[in-house]
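So for the sequence shown, our numbering puts the first residue at 23; every next one is plus one.
Beta carbons are placed, not taken as given, at the ideal position from N, Cα and C, and that holds for glycine.
Computed from a prediction, not measured in an experiment: that's the story for all the values here.
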Amino acid sequence: MDNERHKGAVQGRPGDSRPVARSDDAYAGIDLSNARRMTALILGASTILNLVFLSIESPDDAIGDLGWAIALAIVAANAAAFAWLTDPRRGVGHRALLAVCYAGLGQVALLNWLAGGEVTYSSLLVLWVCAGVGSSPPRSGTVFLAAVALAALAPLIYDRSGTDFGARITRDALVSVAAGLLIMALMSTIRRQRLGLVAGREEAYGLARLDALTGLGNRRAFDETLAAEMARTRRAGSPLSVALVDLDDFKAVNDHYGHIEGDRYLREAATALHDSVRAGDRCYRWGGDEFALLLPDTAREEADGVCSRLGSVVKQTCRTSDGRPLGVSYGVAELSDEMDAPGLVTAADLALRGQKQARASAGGKRFVRLDG
Numbered sequence: 023m024d025n026e027r028h029k030g031a032v033q034g035r036p037g038d039s040r041p042v043a044r045s046d047d048a049y050a051g052i053d054l055s056n057a058r059r060m061t062a063l064i065l066g067a068s069t070i071l072n073l074v075f076l077s078i079e080s081p082d083d084a085i086g087d088l089g090w091a092i093a094l095a096i097v098a099a100n101a102a103a104f105a106w107l108t109d110p111r112r113g114v115g116h117r118a119l120l121a122v123c124y125a126g127l128g129q130v131a132l133l134n135w136l137a138g139g140e141v142t143y144s145s146l147l148v149l150w151v152c153a154g155v156g157s158s159p160p161r162s163g164t165v166f167l168a169a170v171a172l173a174a175l176a177p178l179i180y181d182r183s184g185t186d187f188g189a190r191i192t193r194d195a196l197v198s199v200a201a202g203l204l205i206m207a208l209m210s211t212i213r214r215q216r217l218g219l220v221a222g223r224e225e226a227y228g229l230a231r232l233d234a235l236t237g238l239g240n241r242r243a244f245d246e247t248l249a250a251e252m253a254r255t256r257r258a259g260s261p262l263s264v265a266l267v268d269l270d271d272f273k274a275v276n277d278h279y280g281h282i283e284g285d286r287y288l289r290e291a292a293t294a295l296h297d298s299v300r301a302g303d304r305c306y307r308w309g310g311d312e313f314a315l316l317l318p319d320t321a322r323e324e325a326d327g328v329c330s331r332l333g334s335v336v337k338q339t340c341r342t343s344d345g346r347p348l349g350v351s352y353g354v355a356e357l358s359d360e361m362d363a364p365g366l367v368t369a370a371d372l373a374l375r376g377q378k379q380a381r382a383s384a385g386g387k388r389f390v391r392l393d394g
């Protein structure tokens with residue numbers, strides 16, 4: 023079986039696989055709910071520490087009493103943002119969380135300036151490093167660390183307290199950036215591990231719905247997709263048909279040619295059915311030598327025509343090792359208002375048995391070995 027059919031096996035058609043962990047999304051592997059909780063906790067801690075630091079370093083050095091008004095406005099804004107982040111009714115995405123972290127850096131730089139160049143508030147930078155880098159992909163995290171460095175070094179612009187002051191500011195900036203790089207490396211490892219686990223889970227999910235011999239979806243995949251299609255069909259008011267296709271005299275093939283030849287027979291039939299269904303139709307191995315077709319937006323009359331065409335394709339392309347063509351029988355049923363999934367499949371099975379019995383009654387030719 024080719025790889026494309028295996029990729030589409032869960033849904034029963036090529037290229038129609040379940041999504042896996044690999045993604046172009048830069049935020050893949052980042053747990054949004056945990057990132058939201060972490061940002062809210064850091065915002066709450068920052069708000070409390072701002073109130074403590076205001077009692078240590080008065081924010082009225084640069085512009086007088088107006089600094090107090092600005093500082094208290096920052097505290098109030100933080101409290102409002104905390105309420106917003108912790109409200110489960112609010113939809114908060116990754117970019118909104120990163121914007122909160124950038125606002126946190128801005129308020130640290132602003133409070134340092136209001137305090138006249140004192141850098142007590144710079145102690146909060148490490149909190150925002152944890153939030154901003156921990157919930158961002160590496161590229162966004164790197165840009166955020168550059169902003170951290172600017173916020174930490176900003177007092178050098180307006181404060182000329184001497185070499186010792188500059189050295190202390192530079193040291194604090196380097197420590198914050200180094201901490202951010204370590205967090206970034208750790209979180210990148212955790213995300214890769216998480217993506218690997220998700221990929222493994224998705225692969226296991228797909229294999230559990232894959233028929234190993236034919237590469238088609240198995241009966242479990244059919245049952246799950248049928249339930250979803252029935253719900254969609256009833257919402258849309260469109261028709262839905264199911265067909266069961268049976269390989270004629272398959273037991274005789276196994277008896278005369280052996281099970282290896284029988285398996286080849288099944289694979290060829292699966293390939294012919296899979297490659298010949300219309301776009302939107304889906305093919306599954308139902309069990310044994312039977313296949314199930316799911317035909318959305320298809321009434322019974324049209325489904326009969328589809329199955330007749332598929333039967334001709336199988337007969338033309340699938341043959342035994344000595345050249346005998348493979349024949350099929352099929353039964354079709356269309357979903358009605360009162361039907362459930364088992365009822366629809368049972369109706370198709372009854373139609374299949376009816377066709378086989380009619381052929382037997384008409385003296386339909388049975389399998390005969392060509393070599394006598």
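- Ala-355 sits in a strand when the DSSP states are folded into three classes.
- Close CB contacts of Gly-376 within its chain, under the 8 Å cut and outside five residues either way in sequence, are with Gly-353 (chain order).
- Taking the CA atoms as reference points, Leu-107 sits about 51 Å from Leu-235.
- DSSP places Ser-260 outside both helix and strand once states are collapsed to three, so it counts as coil.
- Closest in alpha carbon position to Arg-346, among Val-367, Ala-274, Leu-332, is Ala-274.
- A distance below 8 Å separates the beta carbons of Arg-58 and Val-114.
- Look at the stretch 249-310 and you find these whole runs of beta strand (DSSP E), each 3 residues long or longer: 262-269, 304-309.
- In this chain, Glu-324 is not harboured by any beta strand (DSSP E); it is covered by the alpha helix (DSSP H) spanning 322-339.
- Take the alpha-carbon of Ala-363 and the one of Leu-147: they are about 59 Å apart.
- DSSP, reduced to helix, strand and coil, places Leu-178 within a helical segment of the structure shown.
- If you check the CB distance, Cys-123 and Thr-61 come in under 8 Å.
- Taking the C-beta atoms as reference points, Phe-272 is found no nearer than 8 Å to Leu-295.
- With a cutoff of 8 Å on beta-carbon distance, Asp-303 and Leu-288 are scored as not near each other.
- Judged by DSSP in its simplified three-state form, Ala-234 adopts coil rather than helix or strand.
- Less than 8 Å separates the beta-carbon of Ala-101 from that of Thr-69.
- For Ala-93, no beta strand (DSSP E) run applies; the uninterrupted alpha helix (DSSP H) run containing it begins and ends at 88-107, by DSSP.
- Sequence-distant Cβ neighbours of Ser-210 in its own chain, meaning closer than 8 Å and more than five residues away, are Pro-160.
- For Val-170, the closest C-alpha among the options Ala-125, Ala-207, Ala-189 is that of Ala-125.
- Looking at the backbone, the Cα of Leu-88 and that of Gly-154 are separated by about 30 Å.
- The DSSP-derived three-state label of Val-141 is coil.
- In this model, Gly-310 and Asp-285 are separated by some 10 Å (Cα to Cα).
- Contact between the stretch 251-270 and the stretch 207-222 is not established, with fewer than three Cβ pairs separated by less than 8 Å.
- Under the three-state reduction of DSSP output, Val-350 falls in the strand class.
- Taking 8 Å as the cut-off, the beta carbon of Glu-246 is found no closer than this to the beta carbon of Ser-343.
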